[in-house]
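Below is one structure, written out as structure tokens; the observations come after it.
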Amino acid sequence: MDIALAPETLARWQFGITTVYHFLFVPLTISLAALTAGLQTAWVRTGKEKYLRATKFWGKLFLINIAMGVVTGIVQEFQFGMNWSDYSRFVGDIFGAPLAFEALIAFFFESTFIGLWIFGWDKLPKKLHLACIWMVSIGTILSAYFILAANSWMQHPVGYRINKAKGRAELTDFWQVLTQNTTLAQVFHTLSAAFLTGGAFMVGIACYHLLRRKHIAVMKTSLRLGLVTVVIGGLLTAVSGDTLGKVMFKQQPMKMAAAEALWDGQNSAPFSIFAYGDVSKGHNSVELSVPGLLSFLADDTFDSYVPGINDTNKAEQQKFGPGDYRPIIPVTFWGFRWMIGFGMASFAIGLAGLWLTRKKFMLPQHLRVGEDEVPHLVLFKNKPLGPTLTAWYWRIAIWTLAFPLIANSWGWIFTEMGRQPWVVYGVLRTRDAVSPGVFQGEVIASMTVFTLLYAILAVIEVRLLVKYVKAGPPELTEADLNPPTRIGGDSQDADKPMAFSY
1 MDIALAPETL ARWQFGITTV YHFLFVPLTI SLAALTAGLQ TAWVRTGKEK
51 YLRATKFWGK LFLINIAMGV VTGIVQEFQF GMNWSDYSRF VGDIFGAPLA
101 FEALIAFFFE STFIGLWIFG WDKLPKKLHL ACIWMVSIGT ILSAYFILAA
151 NSWMQHPVGY RINKAKGRAE LTDFWQVLTQ NTTLAQVFHT LSAAFLTGGA
201 FMVGIACYHL LRRKHIAVMK TSLRLGLVTV VIGGLLTAVS GDTLGKVMFK
251 QQPMKMAAAE ALWDGQNSAP FSIFAYGDVS KGHNSVELSV PGLLSFLADD
301 TFDSYVPGIN DTNKAEQQKF GPGDYRPIIP VTFWGFRWMI GFGMASFAIG
351 LAGLWLTRKK FMLPQHLRVG EDEVPHLVLF KNKPLGPTLT AWYWRIAIWT
401 LAFPLIANSW GWIFTEMGRQ PWVVYGVLRT RDAVSPGVFQ GEVIASMTVF
451 TLLYAILAVI EVRLLVKYVK AGPPELTEAD LNPPTRIGGD SQDADKPMAF
501 SY
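Numbered by UniProt numbering, the letters in the sequence shown go through residues 1 to 502 in order.
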């Protein structure tokens, strides 16, 4: 496979860099919106201050995240015209429809109601104000749905016809694009992973504060909510991943084979845990695998036939003409494993955390073990529970907030790289989608600018998050505790400063 620095290769690198960077914010936006809405609902129902403080704390982190997500997401659309004009010209009639719905419906929900939520703390009644953050959460989910529908069409094109006179694909059934099994499976999997991400983010930050014995009530509540979210999100991610894998087996057999480095088709195909081989010779030199497991994951039986890379490549050559239809095998193989590994590691940490905090726990204490002073968990009866184990748990739990972000990134790399050499599977090759008038130097220049800009934005994002994470939940004011009972607030409150602004 030619990997020279041609405009196509550089354009792919640029799109990959900007897409992976943007998607760091998407799952956090989706999950933090819903988790913040849930905390505010708890406050409205119970009136407990810890829920209100938690709402404002996690809401602030959510707003920082969504602002960065919006900024980086705009760049994605510009690239369709910059580097992928032939793609835009060919699929614009189809790809543009879900993106238009995303902008007109989903983004409208997000932008309108997030403004009402930010500036409405002192102006709106509690329940109406609560409805605003739920509308924001619905907007983030709708936004993800429409974008994933567009991406799913690239994975499995349906509801279209080719207009040979105009040389483009035309939409014939928008409902089919929105409801095909690829879309439904991908939405299910992406949303599950998003909540796994948000839960781990909450767990890590809550552990950071609890280890320092700060903001105890808020962070204990946040920790339990985060742990429950991680466990539920992890289970749903596994179930939805299995569903998506079966869809992939039927629609993109090459991607399934590449994910397992299965070179030759076989019955009772093994699930490869580790493999090393020579791509040019089409076989593995070293392989550690579980017999029959891949067949079960692909088709629910341990003896099903799973086509291999070599078989599928020959079949696609007969169907689409001469060429190499293999993706970059090491990227798909290891990307698949990094995705599963980091995702399930977060789930395991969440499960362990639920078990360790299954009773009403006190704060992490510090005991001297050898020469080091390490924290451990003390239960309500003041009986230490595995000092060494819990010491390591609290340390690891802080870092687990990054694990789902890594898993998400590798998941999208696998999804997109495993489809190559197709940009629209079976319809349009990537080499035919790149802008014909773009030269190597132009792509290098734009990629360099975007990469440097994103590096600067990353520094800003991290510094803002660290600043507000360290600051912890805000202290409540009288206006926070006594919101207005009617729209606009009381007349004597008109000149009061906003209690919730950034």
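Using N, Cα and C, we set each Cβ at its ideal position, and we do this for glycine too.
{"Item": "Neighbourhood of TRP334 by C-beta, 7 Å cutoff - its chain only, sequence neighbours within 5 removed", "Value": "none"}
{"Item": "Contact between the segment 212 to 222 and the segment 179 to 199 (3+ Cβ pairs under 8 Å)", "Value": "no"}
{"Item": "Segment contact flag, the segment 404 to 414 with the segment 46 to 66, C-beta cutoff 8 Å, min 3 pairs", "Value": "no"}
{"Item": "For THR72 and TRP153, the rounded distance between their alpha carbons", "Value": "23 Å"}
{"Item": "Status (buried if at least 16 other CB within 10 Å, exposed otherwise) for TRP355", "Value": "exposed"}
{"Item": "Three-pair Cβ contact test at 8 Å for the segment 199 to 206 versus the segment 26 to 44", "Value": "yes"}
{"Item": "PHE414 burial status per 10 Å Cβ neighbour count (16 or more: buried)", "Value": "buried"}
{"Item": "Of the residues LYS60, GLY265, GLY308, GLY16, the one placed nearest PHE119, counting alpha carbons only", "Value": "LYS60"}
{"Item": "Beta-carbon proximity list for ASP372, same chain, < 8 Å, skipping 5 on both sides", "Value": "Caution applies to ASP372, whose pLDDT of 41 falls short of 50 and renders its modelled position unreliable; the value that the coordinates give is listed next. Once the five neighbours on either side are set aside, ASP372 has no close Cβ partner at all."}
{"Item": "3-residue-minimum beta strand (DSSP E) runs that sit fully inside the segment 119 to 174, ordered along the chain", "Value": "160 to 163, 168 to 171"}
{"Item": "N- and C-terminal bounds of the beta strand (DSSP E) containing VAL424", "Value": "422 to 424"}
{"Item": "Alpha carbon of LYS127 to alpha carbon of ILE309, nearest angstrom", "Value": "56 Å"}
{"Item": "C-beta contact flag for GLY472 and HIS209 at 9 Å", "Value": "yes"}
{"Item": "Status (buried if at least 16 other CB within 10 Å, exposed otherwise) for ARG213", "Value": "exposed"}
{"Item": "Beta-carbon contacts of TYR425 that lie in its chain and below 8 Å, excluding the five residues immediately before and after", "Value": "MET154, GLN155, HIS156, PRO157, GLN251, GLN252, ARG419"}
{"Item": "Test item: CB-CB of GLU110 and SER143 under 9 Å", "Value": "yes"}
{"Item": "Residues near PRO307 in its chain [Cβ-Cβ closer than 7 Å; skip 5 each side]", "Value": "PRO253, ALA257, GLY265"}
{"Item": "Through-space distance from TYR145 to PHE95, alpha-carbon basis", "Value": "13 Å"}
{"Item": "Strand pairing of GLN266, partner residues [DSSP]", "Value": "VAL306"}
{"Item": "C-alpha gap between ILE74 and MET82, whole angstroms", "Value": "13 Å"}
{"Item": "Pairwise C-alpha distance: ILE406 and VAL369", "Value": "Below a pLDDT of 50, predicted positions are generally treated as unreliable, and VAL369, at 36, falls in that range; the measurement from the model is reported next regardless. Straight-line Cα distance between these residues: approximately 33 Å."}
{"Item": "Nonlocal neighbours in the same chain, by C-beta distance under 7 Å from VAL247, ignoring five residues either side", "Value": "ASN181, THR182, ALA185"}
{"Item": "Touching by the beta-carbon criterion (3+ pairs, under 8 Å), the segment 432 to 442 and the segment 102 to 109", "Value": "no"}
{"Item": "Beta-carbon proximity list for LEU24, same chain, < 6 Å, skipping 5 on both sides", "Value": "LEU405"}
{"Item": "Sub-9 Å separation of ILE133 and TRP117 beta-carbons", "Value": "yes"}
{"Item": "Within 9 Å, strictly: CB atoms of VAL443 and ASP86", "Value": "no"}
{"Item": "Within 9 Å, strictly: CB atoms of THR237 and ALA193", "Value": "yes"}
{"Item": "Minimum C-alpha distance to GLY16 - residue among SER31, LEU244, GLN79, LEU28", "Value": "GLN79"}
{"Item": "Spatial distance of ALA332 from ARG53 (CA atoms)", "Value": "Reading the sequence as shown, one finds Thr at residue 332 and not Ala. Taking the straight line from one Cα to the other gives about 43 Å."}
{"Item": "Nearest-angstrom Cα separation, counted from LEU196 out to ASP242", "Value": "16 Å"}
{"Item": "CB of THR29 within 9 Å of CB of PHE62, strictly", "Value": "yes"}
{"Item": "Cβ separation of GLY234 and PHE347, assumed to be a contact under 8 Å, to the nearest whole Å", "Value": "3 Å"}
{"Item": "Closest Cα partner of LEU211 within the set THR430, ALA397, ASP324, ALA165", "Value": "ALA397"}
{"Item": "Range of the contiguous alpha helix (DSSP H) that encloses ARG12", "Value": "7 to 23"}
{"Item": "Residue of GLY353, LEU476, PHE302 minimising C-alpha distance to LEU227", "Value": "GLY353"}
{"Item": "For SER31, the three-state DSSP class (helix, strand or coil)", "Value": "helix"}
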